[in-house]
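Novice: Take this structure first; my questions come after.
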Amino acid sequence: MSITFVENQTRHVDFSLSHIVPLFNPWSYDTNGDGIISPNEAASALLDCYAGIITEEQMQQVFTLHMNTYKEYPPIEVVCLDSNNNGVVDEEDEANFLAAYPSNKGDGRYQRRFDANIDEVINSIDYAIFYGTLGKELRVIRNRVKTSIYEHLVWPDGWDIYIVALNKDRVTEFIGSFGESKEGWIDVRHHTYSFPSYICQQFAVDTMVAAYKGLGYGCLLGASSVTDGYSHAFNVFWAGGDWRNLNNWWVIEPQQGTFIGSVGDSNLPGIYQPVLIYIPDFLIPGTNDIAIRTLIPNYQTRSFSLGSVFESRWGGGQSEEPIVEVFNRALGVV
Ligand SMILES: [Ca+2]
Ligand SMILES: [Ca+2]
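Laid out in structure tokens, this is it:
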């Protein structure tokens, strides 16, 4: 086949070959069309190669896509209703839920995971929450919530992270939306507020840790404010654009799944103006605290800067979602 260009710039294709060899598209193995070549999809390419349907080189193309697109995410162990950790709230989870419903803490049937609002009873409230999530798929949610926009931030000592921009119109598909009673993948917003054991800090830590496991590194982060001597913890995310610009960061109230507004909005209530944004590194041994670095907003220059290279800590206290020993800073980065 030869391609020639004529003077008016339109393309003329001359099909002079006796036959046309169809182009191989390795994406044809993405049978569920989710933009990821899963282990099963890669395995079918391998079988096709053994069967002589595709060449070894073509199989390698599929495996390259598999390596580049498939990431193993750690399971969320407590704060979502996918009890068999297969990324779908499915019939098996339904059977598991019904085996625990109804029950009270202390009963053999009771399972903490299905007590979505942790009030120590699995009742009609948890039933409604469970059926609000039935059928949800984490990969679908992840693909809708995450964008392909990311930014590489490097500290003076070489420690680096990627932050990944979220689609602010979709982020409640992961955290749930209080105002619309719309369930997300996680159920942190249903937790009963319990002073002093489960307060803003625990809502924010559980949301950040679950987001790390479900979406990947650098997506939904922790943050805190200080107003009139009181501290408040919540979550923030970057939505793309210049990461230093306060306008490009958005605040979520994890206690309600409520979308608060932009960090750069001068009308943002003081309790939602972060003084620090927390970047997780590892679990400090013997504690439930996370070693962190920080991003620091400056409300005069209206911009962020990198915090100190010295590690600090952000406490999980009685947060529920198990904190990973080491945060994989490449997890889920495009
Ligand atoms: Ca499941
Ligand atoms: Ca309950």
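Under numbering that gives the first Met the number 0, the first residue of the sequence shown is numbered 0, with each subsequent residue one higher.
Here a beta-carbon is modelled for each residue, glycine too, at the ideal position from N, C-alpha and C.
Between which residues of its own chain and Gly107 is the CB-CB distance below 6 Å, once the five residues before and five after are set aside?
Specialist: none
Novice: Under 8 Å, with one C-beta from each stretch per pair, do the stretch 41–59 and the stretch 191–199 reach the 3-pair mark?
Specialist: no
Novice: Nearest to Asn297 by CA position, among Ser307, Val274, His151, Ile283, is which residue?
Specialist: Val274
Novice: Looking at Ser307: is its Cβ nearer than 9 Å to the Cβ of Arg243?
Specialist: no
Novice: Decide if Thr206 is buried, meaning its Cβ has at least 16 other Cβ atoms within 10 Å, or exposed.
Specialist: buried
Novice: Confirm, please, whether the CB-CB distance from Asn95 to Ser344 is below 9 Å.
Specialist: Outside the displayed range of the chain (0 to 333) lies residue 344, so it cannot be described from this structure.
Novice: Report buried or exposed for Lys181, applying the criterion of at least 16 other Cβ atoms within 10 angstroms of its Cβ.
Specialist: exposed
Novice: From Ser1 to Thr171, what distance separates their C-alpha atoms?
Specialist: In this prediction, Ser1 has a pLDDT of 45, which is less than 50 and means its spatial position is unreliable; nothing more can be read from the coordinates.
Novice: Using a 10 Å radius around the Cβ and a threshold of 16 neighbouring Cβ atoms, would you call Tyr277 buried or exposed?
Specialist: buried
Novice: Are the Cβ atoms of Asp89 and Leu137 separated by less than 9 Å?
Specialist: no
Novice: For the putative contact between Leu46 and Val144, defined by C-beta atoms under 8 Å, what is the C-beta separation to the nearest angstrom?
Specialist: Their Cβ separation, rounded to whole angstroms, is 33 Å, which puts Leu46 and Val144 out of contact at 8 Å.
Novice: On the three-state DSSP scale, how would you describe Gly213?
Specialist: helix
Novice: Is Ile185 close to ligand 2? I mean its beta-carbon at under 8 Å from any heavy atom of the ligand.
Specialist: False, no ligand heavy atom lies under 8 Å from that Cβ.
Novice: Please state whether DSSP places Gln8 in a helix, a strand or coil.
Specialist: With a pLDDT of 49 at Gln8, under the threshold of 50, the modelled position of this residue cannot be trusted; read the value that follows with caution. In the structure shown, the three-state DSSP call for Gln8 is coil.
Novice: So, at 8 Å on beta carbons, what are the nonlocal neighbours of Glu6 in its own chain, with the 5 sequence-adjacent residues on each side left out?
Specialist: Below a pLDDT of 50, predicted positions are generally treated as unreliable, and Glu6, at 47, falls in that range; the measurement from the model is reported next regardless. Cβ neighbours of Glu6 beyond the five flanking positions: none.
Novice: Would you say the stretch 243–261 touches the stretch 155–174, given that touching needs at least three Cβ pairs under 8 Å?
Specialist: yes
Novice: Are there any heavy atoms of ligand 1 lying less than 8 Å away from the beta-carbon of Asn84, as far as the coordinates show?
Specialist: Checking the Cβ of Asn84 against ligand 1 gives yes.
Novice: Do you know whose CA, among Ser123, Arg292, Ala44, lies nearest Pro155's CA?
Specialist: Arg292
Novice: Just checking Val87 against ligand 4 - is the residue's beta carbon closer than 8 Å to any of the ligand's heavy atoms?
Specialist: Questions concerning ligand 4 fall outside what the structure shown contains, since the ligands it does hold are ligand 1 and ligand 2.
Novice: What residue from Asn67, Asn287, Ile124, Pro268 has the CA that sits closest to Glu320's CA?
Specialist: When only C-alpha atoms are compared, the closest one is Asn287.
Novice: Closer than 8 Å: is that where the CB of Ala115 sits relative to any heavy atom of ligand 2?
Specialist: Yes - ligand 2 has a heavy atom lying nearer than 8 Å to the Cβ of Ala115.
Novice: Checking 9 Å against the spacing of the C-beta atoms, do Ile160 and Gly256 come in under that value?
Specialist: No; because the gap between Cβ atoms is not below 9 Å, this pair is not in contact.
Novice: Please name the residue in Tyr126, Ile148, Thr226 whose C-alpha comes closest to that of Asp241.
Specialist: Looking at the Cα atoms, Ile148 is the closest of the given residues.
Novice: Could you please give the first and the last residue of the uninterrupted alpha helix (DSSP H) stretch that includes Arg141?
Specialist: Unbroken alpha helix (DSSP H) run through Arg141: 137–144.
Novice: Can you tell me where the alpha helix (DSSP H) with Tyr130 in it begins and where it stops?
Specialist: 123–132
Novice: Classify Ser261 as helix, strand or coil using the three-state DSSP reduction.
Specialist: If DSSP states are grouped into helix, strand and coil, Ser261 belongs with the strands.
Novice: Here's a check: name, in chain order, each residue in its chain whose Cβ is nearer than 6 Å to the Cβ of Ser261, leaving out the five neighbours to either side.
Specialist: Asn246, Trp249
Novice: Suppose contacts are defined by Cβ-Cβ distances below 9 Å. Is Pro25 in contact with Leu64 by that definition?
Specialist: Contact check for Pro25 against Leu64 passes: the beta carbons are separated by less than 9 Å.
Novice: The beta strand (DSSP E) spanning Thr226 covers which residue range?
Specialist: 219–226
Novice: Mind checking whether the beta-carbon of Asn122 lies closer than 8 Å to any heavy atom of ligand 2?
Specialist: yes
Novice: Whose C-alpha, out of Tyr49, Val87, Pro279, is nearest the C-alpha of Ala222?
Specialist: Pro279
Novice: On the three-state DSSP scale, how would you describe Gln317?
Specialist: coil
Novice: To the nearest angstrom, how far is it from the Cα of Thr226 to the Cα of Phe326?
Specialist: 30 Å
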